[in-house]
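Q: Chains as they are written, first to last, in the working numbering: chain A, 1 to 320; chain B, 1001 to 1214.
Note that CB positions come from ideal geometry on N, CA and C, so glycine has one too.
Okay, handing you the structure first.
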């Protein structure tokens, strides 16, 4: 069902440009619309593998990253139609529907707190701070499912170094944009908004921590946290805050949304750890979307080489 | 109304209706149309229909009394067995995809995880009810004892709601909704039991054949 690309192809290489630029006409010409309507979504998927649905890639010449995995990537369809973004509804299919008209431009990200150079960045500025890289990361949700996604961005440390944290800065607090008018489903989420997250400064400065502005060669989809978000592949998914508007360096450990909701279930660190279970379920295994059976979960989601040293000497059960 | 309820064809129609959720899941399974996480769709689908059929079954007795439709009893066993059918499928989606049919691993999970423990307890409690659902078993056990045994469905209903409530992360609307329905249905039985005891208080012998449970 899922049609994968060879590693060196860009998404546009899969399909001639004239075809993807006018796929409606293509469909009509092929007489597929009628057939698809009869056979349902399945045939439509066959006829239109998700990559083909993308227009010309926005980002070209992306630098490759040594952090990228060679594992089979999930499809664009998987990653854009199975989302936890409670501001747009709690069902996995909700954000794809409810975030369609989310306004992501103009957008600014404020960098503030214990820094020498507090300032606001526009999206244009953020896109130009450093060469963009494609990083293919594993992503493990606390709910025991996982995906592999080609994200685009650069290390968060880039923007942090520009801001120059003072000696007092020990933590970084993040905040998601919140607008109840654009996010009317948020009130059913059961958690407080705006969504906030946090990291210890050394975690945030680890090169694996990605300031992410795109996916699959293009902008982030709204339901995946457009226009800019964090990706922290060694932590459970909810740590990777979406639609970021505020980065605050500070002395104290910041409150984080899920920890505030239930501290024994969602720790401040929330590192992927198969040996420390969620009180209600085991974290030893996970289901990769697209697979039937589960697979073992790896310590730090397989990123021990990069991040294990951050937690030397810490009791990871206590600081879960 | 009585003619409709007692018609053989109504029973056939209800049977087919009860099969619809299964047919829908099967059809989508065959067509690869179960969404991004097919296992989860099957788990949630069969779980939802289990608690719904338990609730339908629990509705029969109050509806018989409230709407004076004693013939509804003809559907109670079928609805209960469908609850059992869907819980078996639900259990299989756990034993198979989640536990890879590893019984030892499953037992460890059942013993350790409260939300699995409750769900499993609810499932197990429905097994004797399914087995003894035939007229032969009612005769063998005796009507009174059979009725006592089948009150286990109250336990299964509570287990199902708690299992669901402990599964969700923070949006508890659906489990709370089902919990509300089960609470109403159980409170109705409690109220009816109390009023029956009061009216019978002077005479210690219980009237035969009149049941408030079910």
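#1: Which one of 312/A, 107/A, 303/A, 316/A has the shortest CA to CA distance from residue 138/A?
#2: Using a C-beta to C-beta distance shorter than 7 Å, which residues of chain A count as neighbours of residue 1052/B?
#3: Closer than 9 Å by beta-carbon distance: list the chain B residues that pair up with residue 193/A, in chain order.
#4: Give the C-beta separation of residue 220/A and residue 214/A to the nearest angstrom, bearing in mind that I take them to be a contact with Cβ-Cβ under 8 Å.
#5: Buried or exposed for residue 140/A, please, with buried defined as at least 16 other CB atoms from any protein chain shown within 10 angstroms of its CB.
#6: Listed in chain order, which residues of the segment 273 to 287 of chain A have Cβ atoms closer than 7 Å to some Cβ of chain B?
#7: State the CB to CB distance for the pair residue 257/A and residue 188/A, rounded to an integer number of angstroms; the pair is presumed to be in contact (CB under 8 Å).
#8: Counting only runs that start and end within the segment 1096 to 1182 of chain B, where is the alpha helix (DSSP H) found for 4 or more residues in a row?
#9: Taking residue 1109/B as the query, report the chain A residues whose CB atoms sit under 9 Å from its CB, ordered along the chain.
#10: To the nearest angstrom, how far is the alpha carbon of residue 1106/B from that of residue 1019/B?
#11: May I have the straight-line CA-CA distance separating residue 317/A from residue 262/A, to the nearest angstrom?
#12: Can you list, in chain order, the residues of its chain with a C-beta nearer than 8 Å to that of residue 227/A? Leave out the 5 residues immediately preceding and following it.
#13: Please give me, in chain order, every unbroken run of the alpha helix (DSSP H) with length at least 4 that falls completely inside the segment 238 to 290 of chain A.
#14: So, does the CB of residue 1193/B fall closer than 8 Å to a CB anywhere in chain A?
#15: My output table needs one value for residue 1062/B: the three-state DSSP class, helix, strand or coil.
#16: Could you name the residues of chain D that residue 216/A contacts, counting a contact when the two beta carbons are closer than 7 Å?
#17: Under 8 Å between C-beta atoms, does residue 298/A make it to chain B?
#18: On the three-pair Cβ rule with 8 Å, is the segment 168 to 179 of chain A touching the segment 247 to 254 of chain A?
#19: Residue 1071/B to residue 1053/B, Cα distance in whole Å?
#20: Helix or strand or just coil, what does DSSP make of residue 1011/B?
#21: With 16 as the cutoff for other CB atoms within 10 Å, does residue 1183/B come out buried or exposed?
#22: Identify which residue in 87/A, 102/A, 80/A has its Cα closest to the Cα of residue 96/A.
#23: Using a Cβ cut-off of 9 Å, which residues of the segment 1145 to 1177 of chain B contact any Cβ in chain A, in chain order?
#24: How would you label residue 230/A, buried or exposed, when you count the other beta carbons within 10 angstroms and need 16 or more for buried?
#25: How would you list, in chain order, the residues of chain A whose beta-carbon sits under 7 Å from the beta-carbon of residue 1114/B?
#26: Quick check: the Cα distance between residue 1189/B and residue 235/A, rounded to an integer number of angstroms?
#27: Kindly say whether residue 249/A, judged by its beta-carbon, lies nearer than 8 Å to any beta-carbon of chain B.
#28: I want to verify the contact list: residues of chain B whose CB lies under 9 Å from the CB of residue 90/A, in sequence order.
#29: By Cβ distance below 7 Å, which residues in the same chain neighbour residue 239/A in space, the five residues on each side in sequence not counted?
#30: Would you mind stating whether residue 136/A and residue 77/A have Cβ atoms separated by less than 8 Å?
#31: Helix, strand or coil: how does DSSP classify residue 320/A here?
#32: If residue 163/A and residue 117/A are in contact, beta carbons under 8 Å, what's the gap, nearest whole angstrom?
#33: If the criterion is Cβ atoms closer than 8 Å, does the pair residue 75/A and residue 133/A meet it?
#34: DSSP state of residue 1094/B, grouped into three classes?
#35: Any residues in the segment 1021 to 1039 of chain B with a beta carbon nearer than 8 Å to a beta carbon of chain A? Which ones, in chain order?
#36: Where does residue 122/A fall in DSSP's three states?
A: Let me lay it out:
#1: Its Cα nearest to that of residue 138/A, the residue 303/A stands out among 312/A, 107/A, 303/A, 316/A.
#2: The premise fails here: residue 1052/B is roughly 18 Å from chain A at the closest Cβ pair, so nothing lies under 7 Å.
#3: Within 9 Å Cβ-Cβ: nothing; residue 193/A doesn't reach chain B, min ~12 Å.
#4: Cβ atoms of residue 220/A and residue 214/A come within 8 Å of each other, at about 6 Å.
#5: Looking at its Cβ environment, which holds 16 or more other Cβ atoms inside 10 Å, residue 140/A is buried.
#6: Cβ contacts with chain B: 280, 281, 282, 287.
#7: Beta-carbon to beta-carbon, residue 257/A and residue 188/A are separated by about 15 Å, too far to satisfy the 8 Å threshold.
#8: DSSP runs (the alpha helix (DSSP H)) wholly in the segment 1096 to 1182 of chain B: 1103 to 1112, 1114 to 1131, 1135 to 1141, 1143 to 1150, 1152 to 1167.
#9: Within 9 Å Cβ-Cβ: 281, 282.
#10: Rounded to the nearest whole angstrom, the CA to CA distance from residue 1106/B to residue 1019/B is 28 Å.
#11: About 16 Å.
#12: Answer for residue 227/A: 104, 105, 107, 123, 213, 219, 220, 243, listed in chain order.
#13: Complete alpha helix (DSSP H) runs here, min 4: 257 to 261.
#14: With a threshold of 8 Å between beta carbons, residue 1193/B makes no contact with chain A.
#15: Assigned with DSSP and collapsed to three states, residue 1062/B falls in helix.
#16: Although the question refers to chain D, the structure presented lacks it and instead comprises the protein chains A and B.
#17: No, no contact with chain B.
#18: These segments touch.
#19: Between residue 1071/B and residue 1053/B, the C-alpha separation is close to 19 Å.
#20: Look at residue 1011/B here: in three-state DSSP terms it is helix.
#21: Looking at its Cβ environment, which holds fewer than 16 other Cβ atoms inside 10 Å, residue 1183/B is exposed.
#22: The shortest C-alpha separation from residue 96/A is found at 80/A.
#23: Of all residues in the segment 1145 to 1177 of chain B, those with a C-beta nearer than 9 Å to a C-beta of chain A are 1166, 1167, 1168, 1169, 1170, 1171, 1172, 1173, reading in chain order.
#24: So residue 230/A counts as buried.
#25: In chain order, 280 make up the part of chain A whose C-beta sits under 7 Å from the C-beta of residue 1114/B.
#26: Residue 1189/B and residue 235/A have their C-alpha atoms some 49 Å from each other.
#27: At least 8 Å separates the CB of residue 249/A from every CB of chain B.
#28: Residues of chain B passing the Cβ test: 1168, 1169, 1170, 1171, 1173.
#29: Excluding sequence neighbours, residue 239/A sits near 197, 232, 270.
#30: Cβ atoms of residue 136/A and residue 77/A: not closer than 8 Å.
#31: In the structure shown, residue 320/A sits in coil (DSSP, three-state: anything other than H, G, I, E or B).
#32: In this structure residue 163/A touches residue 117/A by the C-beta definition: roughly 5 Å separates them, less than 8 Å.
#33: No. Outside cutoff.
#34: It is helical.
#35: Answer in chain order: 1031, 1032, 1033, 1035, 1036, 1037, 1038, 1039.
#36: In this structure, residue 122/A counts as strand in the three-state DSSP scheme.
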